[in-house]
Amino acid sequence: MKAIDLINAINEGGYAGEVTCDTIKAGSPHKELNKVAITMFATVDTVKKAMEWGADMLIVHEPTYYDHMEVIRKETPVIKAKRELIERSGMTVYRYHDRMHHREVDQIPEGEVYYLGLKGKTEKTPYSASYLFTSDEPVTAMELAEKMERDLNIAHVRIAGTRNKKATKIALCFGTPGGVFDLLQRDDVEIVLTGEACEWMLGEYARDADALGFNKTLIVMGHIGSERDGMRLLAEKLKKAYPVFETKYIECGEVYTYTDTEE
Ligand SMILES: [Fe+2]
Ligand SMILES: [Fe+2]
Numbered sequence: 003m004k005a006i007d008l009i010n011a012i013n014e015g016g017y018a019g020e021v022t023c024d025t026i027k028a029g030s031p032h033k034e035l036n037k038v039a040i041t042m043f044a045t046v047d048t049v050k051k052a053m054e055w056g057a058d059m060l061i062v063h064e065p066t067y068y069d070h071m072e073v074i075r076k077e078t079p080v081i082k083a084k085r086e087l088i089e090r091s092g093m094t095v096y097r098y099h100d101r102m103h104h105r106e107v108d109q110i111p112e113g114e115v116y117y118l119g120l121k122g123k124t125e126k127t128p129y130s131a132s133y134l135f136t137s138d139e140p141v142t143a144m145e146l147a148e149k150m151e152r153d154l155n156i157a158h159v160r161i162a163g164t165r166n167k168k169a170t171k172i173a174l175c176f177g178t179p180g181g182v183f184d185l186l187q188r189d190d191v192e193i194v195l196t197g198e199a200c201e202w203m204l205g206e207y208a209r210d211a212d213a214l215g216f217n218k219t220l221i222v223m224g225h226i227g228s229e230r231d232g233m234r235l236l237a238e239k240l241k242k243a244y245p246v247f248e249t250k251y252i253e254c255g256e257v258y259t260y261t262d263t264e265e
């Protein structure tokens with residue numbers, strides 16, 4: 003199987019606009035696949051780990067060169083060194099973003115909900131990549147945050163607003179999608195899960211709502227913490243579907259380090 007065959011296969015059922023970031027960032031579409039590595043970000047570390055493993059292809063979800071469409075306005079020494087590292091690897095690097103999100107079931111929240119062990123119903127909202135989830139089991143924000151730190155390995159989840167009231171109406175706004183403030187303000191939304199958030203707007207709204215007696219929480223998971231489990235699940239799916247090549251999930255780690263984390 004060649005890289006392009008796998009790209010076509012995973013894109014089936016997904017859709018992208020006329021302009022999409024889902025393109026090959028390096029290497030050849032005709033590379034024969036024996037080993038496929040999957041990660042959230044092509045960090046220097048994940049690229050090196052994929053190279054050491056002998057990957058022919060690296061599938062990533064996010065930009066490699068710090069721009070959604072990978073427009074390099076200025077090739078700084080950092081960008082040059084990274085580009086040379088990736089080119090030296092000979093791997094085919096493919097970004098799987100738009101068609102991963104935009105399909106009947108968005109594969110990012112699917113992975114997050116799966117590894118969080120939540121059961122319930124996910125519905126679309128008017129906002130791209132934001133969903134409403136109704137949990138079968140009522141859960142508090144503290145319980146959810148503890149699950150995230152334990153099962154999703156997020157170092158520090160941030161909670162603004164209500165901590166200990168049971169909730170079932172949860173907005174899934176993983177990464178940094180649109181409509182997060184609108185969803186937070188909806189009467190039928192109790193908890194909003196997101197990757198990155200504007201503190202003065204979203205955080206303070208949740209804090210005030212809670213102080214005024216409403217059941218309202220914003221949980222900030224970090225961009226990577228809120229999306230990588232979709233890639234983790236993708237690796238599991240590919241492992242089962244394509245025994246013709248080896249598949250490996252490579253963890254990119256969170257971007258921030260803390261005084262109480264080792265690295
Ligand atoms: Fe994202
Ligand atoms: Fe995403």
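Just so we're aligned, residue 3 is where the sequence shown starts under this note's numbering, counting upward by one. All C-beta atoms, glycine included, are put in the ideal place defined by N, C-alpha and C.
DSSP places S137 in the uninterrupted beta strand (DSSP E) bounded by Y133 to V141. For the 9 angstroms CB-CB criterion, G255 and M150 do not form a contact. The Cβ atoms of I172 and F135 lie closer than 9 angstroms to each other. Here the residues close to ligand 1, judged by CB distance below 6 angstroms to any of its heavy atoms, are E64, G177, H225 and E229 in chain order. Bounds of the beta strand (DSSP E) holding Y96 are T94 to R97. The stretch 37-115 is shown to contain whole beta strand (DSSP E) runs of 3 or more residues at 37-40, 59-62 and 94-97, in chain order. By alpha-carbon distance to P179, the top candidate from L240, A208, L154 and D108 is D108. Here the stretch 218-225 makes contact with the stretch 156-170; the two share three or more CB pairs at distances below 8 angstroms. Spatial neighbours of R165 in its own chain (CB-CB distance under 6 angstroms, excluding positions within 5 residues in sequence) are listed in chain order as A143 and M144. Per the Cβ contact rule, the stretch 239-253 is not in contact with the stretch 184-197 (fewer than 3 Cβ pairs under 8 angstroms). Three or more beta-carbon pairs separated by less than 8 angstroms link the stretch 88-97 to the stretch 62-79, which places the two stretches in contact.
Taken through DSSP and simplified to helix, strand or coil, K171 comes out as strand. Taken from the Cβ of G19, every heavy atom of ligand 2 lies 8 angstroms or farther away. Boundaries of the beta strand (DSSP E) around A162: R160 to G163.
In the DSSP assignment, V194 falls within the unbroken beta strand (DSSP E) covering I193 to T196.
Just so you know, the alpha carbons of A39 and L240 end up roughly 10 angstroms apart. The beta carbon of G163 sits closer than 7 angstroms to the beta carbons of A208, R209, A211, D212, K218, T219 and L220 from its chain, once the five residues preceding and following it are set aside; these are given in chain order. Taken atom to atom, the span from the alpha-carbon of V80 to that of H70 is near 18 angstroms. DSSP places V222 within a strand segment (E or B) once states are collapsed to three. Distance from T22 to D100 at the Cβ level is roughly 5 angstroms; contact confirmed, criterion being Cβ atoms closer than 8 angstroms. By alpha-carbon distance to Y17, the top candidate from M102, L185, K168 and T170 is M102. Listed as beta-bridge partners of Y251 by DSSP are I40.
For I26, the three-state secondary structure derived from DSSP is strand. Among the bridge pairs identified by DSSP, G122 is matched with S137.
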